[in-house]
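Below: one structure, written as structure tokens.
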Ligand code: PLP
């Protein structure tokens with residue numbers, strides 16, 4: 011019964027295994043948010059996943075709404091991707107030399123992402139954003155980067171200033187270990203507040219190399235750009251000789267085949283990508299106009315490299331993923347329909363339970379904020395959320411077989427493997443949980 015998956019053992023195997031992991035892995039995990047710290051309890055360890063379902067080492071099955079934090083847009087273990095990886099693996103797992111697969115991948119990305127004319131593959135979203143700002147600095151000859159409070163761009167030093175995602179979840183938006191000089195070169199403005207950006211451009215005239223933004227903020231929970239915000243960033247960067255970087259690590263290939271830039275019709279100079287493009291294998295990419303990308307070594311002087319970059323397994327998986335999305339654009343309407351169903355079900359649950367909350371949604375990304383506010387449009391609004399209430403909601407949902415993000419400040423990711431039944435079961439469980447909050 012998928013509505014109450016916990017057998018007699020509950021989470022016993024996970025408890026034992028997590029304790030063992032904590033002996034040899036800091037905090038027991040290889041990425042902080044996995045540790046369930048902000049929602050209490052202990053994480054469940056996963057042994058397998060298929061379609062919309064994920065199974066822990068106690069054999070409890072959950073309907074999964076994390077989807078590896080975005081990559082699994084076609085569901086887990088999507089057979090054509092598994093097959094492509096298997097076929098690639100027997101030909102060797104890495105060569106450190108160019109392959110046909112890399113050109114095919116680059117051609118696909120260029121054909122889908124409207125502003126991208128050339129692309130360089132890396133191994134994670136973090137690498138993509140770190141490389142993108144080096145490129146922006148190299149091209150403009152300027153040092154400072156402007157980012158937004160609550161946006162997350164991976165764990166590069168420059169970005170761990172007022173950062174979102176796990177850093178926000180754990181209350182560590184400004185990490186120790188980031189030097190003062192790095193911090194000085196990172197300016198932070200407020201998401202959806204163009205005036206805060208204008209002020210920084212006025213204060214640091216001719217010093218800002220780039221503005222980097224999640225076109226839809228998804229690492230403080232989902233916060234949509236207000237009308238005119240992205241257009242305003244485009245104009246301000248142009249007027250001030252700075253580059254505009256869209257971090258599409260989450261939104262890329264998710265909001266539309268051409269990401270947020272296609273969805274909102276605003277074109278950045280540089281785009282960073284990750285997650286979906288690897289089909290679940292470790293991968294990232296950054297791309298943009300030819301004249302910018304040709305500044306990269308060996309074509310130009312700005313250095314960036316990688317032993318495993320363009321890895322054949324990751325390329326094989328990513329090519330199948332992107333081709334599937336490109337050739338089946340009806341997937342996007344199905345994703346949005348299921349996300350809207352869930353949005354409506356959550357809102358109805360709040361009403362029925364007499365609890366205030368806000369559901370922000372765009373396409374297949376959504377977040378339920380437990381806040382007294384009527385809307386959530388800024389980092390300040392996000393911070394009014396009741397984290398304890400979210401934690402309780404999360405735990406009740408998990409017990410009912412629904413695997414949501416273990417943090418108020420993350421998104422729900424809908425995949426093409428979710429069925430009407432999955433969404434209805436999730437709504438029923440969520441509404442039941444809300445009654446108990
Ligand atoms: N940029 C955004 C918008 C992200 O959401 C993330 C990861 O969640 C990153 C960058 C970093 O990507 P990775 O975790 O692959 O290094």
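In full-length UniProt numbering, the protein residues as written are 11 to 447.
Glycine included, each C-beta is placed from N, C-alpha and C at the ideal position.
**OP:** Please confirm if the stretch 374-383 is in contact with the stretch 306-323, defined as three or more CB-CB distances below 8 angstroms between the two stretches.
**Re:** Remark: fewer than three beta-carbon pairs, one from each stretch, lie closer than 8 angstroms, so the stretch 374-383 and the stretch 306-323 are not flagged as touching.
Subject >> Residue range of the beta strand (DSSP E) that includes residue 209 >> reply: Per DSSP, residue 209 lies in no beta strand (DSSP E) segment; the continuous alpha helix (DSSP H) that holds it begins and ends at 204-213.
Original post:
CA-CA distance, residue 169 and residue 204?
Top reply: Going from the Cα of residue 169 to the Cα of residue 204 covers about 20 angstroms.
Original post:
Thinking C-beta only, is residue 139 closer than 7 angstroms to residue 172?
Top reply: No Cβ-Cβ contact shorter than 7 angstroms links residue 172 with residue 139.
Original post:
Since residue 268 contacts residue 124 with CB under 8 angstroms, what's their CB separation in whole angstroms?
Top reply: Contact flag correct, Cβ pair sits at about 5 angstroms.
Original post:
Cβ of residue 43 within 7 angstroms of Cβ of residue 176?
Top reply: Closer than 7 angstroms, so yes.
Subject >> Given 8 angstroms, three or more beta-carbon pairs between the stretch 43-53 and the stretch 404-424 >> reply: By the Cβ rule, the stretch 43-53 counts as touching the stretch 404-424, because three or more pairs are nearer than 8 angstroms.
**OP:** Could you spell out where the alpha helix (DSSP H) holding residue 45 opens and where it closes?
**Re:** First-last for residue 45: undefined, no H or E at that position.
Subject >> Integer Cβ distance of residue 286 from residue 331, believed to fall under 8 angstroms >> reply: Rounded, the Cβ-Cβ distance is 6 angstroms, consistent with contact.
**OP:** Using alpha carbons as the reference points, say which of 73, 39, 368, 31 lies closest to residue 427.
**Re:** Residue 427 has its Cα closest to that of 73, out of 73, 39, 368, 31.
Original post:
Cα separation between residue 434 and residue 352?
Top reply: Distance from the CA atom of residue 434 to the CA atom of residue 352, rounded to whole angstroms, is 8 angstroms.
Subject >> Cα-Cα separation, residue 393 to residue 383 >> reply: The alpha-carbon atoms of residue 393 and residue 383 are separated by roughly 10 angstroms.
Subject >> Residue closest to residue 71, alpha-carbon to alpha-carbon, out of 156, 83, 55 >> reply: The residue with the shortest Cα to Cα distance from residue 71 is 55.
Subject >> DSSP state of residue 12 mapped onto helix, strand, coil >> reply: Unreliable positioning characterises residue 12 in this predicted model, as indicated by a pLDDT of 42, which lies under 50. The coordinate reading is nonetheless provided below. The DSSP-derived three-state label of residue 12 is coil.
Subject >> Assigned secondary structure, residue 283 (DSSP; H/G/I helix, E/B strand, else coil) >> reply: Strand, per DSSP.
**OP:** Identify whether residue 69 lies in helix, strand or coil by the three-state DSSP scheme.
**Re:** Reduced to three states, the DSSP call for residue 69 is coil.
**OP:** Spell out whether any CB of chain B is found under 7 angstroms from the CB atom of residue 34.
**Re:** Annotation note: the requested chain B is absent from the structure, which comprises a single protein chain.
Original post:
In the stretch 320-385, which residue ranges form an unbroken alpha helix (DSSP H) of at least 4 residues, counting only runs that do not cross its ends?
Top reply: 322-337, 340-363, all fully within the stretch 320-385.
Subject >> Inter-residue spacing [alpha-carbon to alpha-carbon] between residue 191 and residue 154 >> reply: Approximately 11 angstroms between the Cα atoms of the pair.
**OP:** Note down the Cα distance separating residue 143 from residue 341, rounded to an integer number of angstroms.
**Re:** Rounded to whole angstroms, the gap between the alpha carbons of residue 143 and residue 341 is 33 angstroms.
Subject >> residue 436: first and last residue of the uninterrupted alpha helix (DSSP H) it sits in >> reply: In this chain, the alpha helix (DSSP H) harbouring residue 436 covers 430-445.
Original post:
Cβ of residue 72 within 6 angstroms of any heavy atom in the ligand GDP?
Top reply: By its list of ligands, the structure shown excludes the ligand GDP, since it contains just the ligand PLP.
**OP:** Under 8 angstroms by Cβ, that's how I've got residue 254 and residue 219 pegged, so tell me the actual separation to the nearest angstrom.
**Re:** No, residue 254 and residue 219 are not in contact; Cβ-Cβ is about 11 angstroms, not under 8 angstroms.
Original post:
Pairing CB atoms from the stretch 115-124 with CB atoms from the stretch 83-98, are three or more of them under 8 angstroms?
Top reply: Contact fails: fewer than three Cβ-Cβ distances are below 8 angstroms.
Subject >> Inter-residue CB distance, residue 328 and residue 115 (contact presumed, cutoff 8 angstroms) >> reply: With 8 angstroms as the limit, residue 328 and residue 115 qualify as a contact, their Cβ atoms being about 6 angstroms apart.
Original post:
Whose C-alpha, out of 419, 445, 411, is nearest the C-alpha of residue 69?
Top reply: Nearest of 419, 445, 411 to residue 69, Cα basis: 411.
Subject >> For residue 95, three-class secondary structure by DSSP >> reply: Per DSSP, reduced to three states, the secondary structure at residue 95 is helical.
Original post:
What is the DSSP secondary structure of residue 273, reduced to helix, strand or coil?
Top reply: Assignment of residue 273 by DSSP, reduced to helix, strand and coil, places it in the helix class.
Subject >> Backbone secondary structure at residue 294 - three-state DSSP >> reply: Collapsing the DSSP output to three states places residue 294 in a strand.
Original post:
Identify the residues that DSSP records as bridge partners of residue 1: which are they?
Top reply: Because the chain spans 11 through 447 in this model, residue 1 falls outside it and cannot be assessed.
Original post:
Helix or strand or just coil, what does DSSP make of residue 400?
Top reply: The answer is helix: DSSP assigns residue 400 an H, G or I state.
**OP:** Can you give me the Cβ contacts of residue 260 inside the same chain, cut-off strictly under 6 angstroms, excluding the 5 residues immediately before and after it?
**Re:** Once the five neighbours on either side are set aside, the close Cβ partners of residue 260 are 80, 228.
**OP:** Tell me whether the beta-carbon of residue 473 lies closer than 7 angstroms to the beta-carbon of residue 432.
**Re:** This structure gives no information on residue 473, because the portion of the chain shown stretches from 11 to 447.
Original post:
Nearest to residue 430 by CA position, among 345, 246, 193, is which residue?
Top reply: Checked all of 345, 246, 193; the closest Cα to residue 430 is 345.
**OP:** Just tell me which of 335, 380, 234 has its CA closest to the CA of residue 356.
**Re:** Closest option to residue 356, Cα to Cα, is 380.
**OP:** Report buried or exposed for residue 11, applying the criterion of at least 16 other Cβ atoms within 10 angstroms of its Cβ.
**Re:** Because the pLDDT of residue 11 is 38, which lies under 50, any placement of that residue in the model is unreliable, and the number read from its coordinates should be weighed accordingly. Around the Cβ of residue 11, a 10 Å sphere holds fewer than 16 other Cβ atoms; the residue is exposed.
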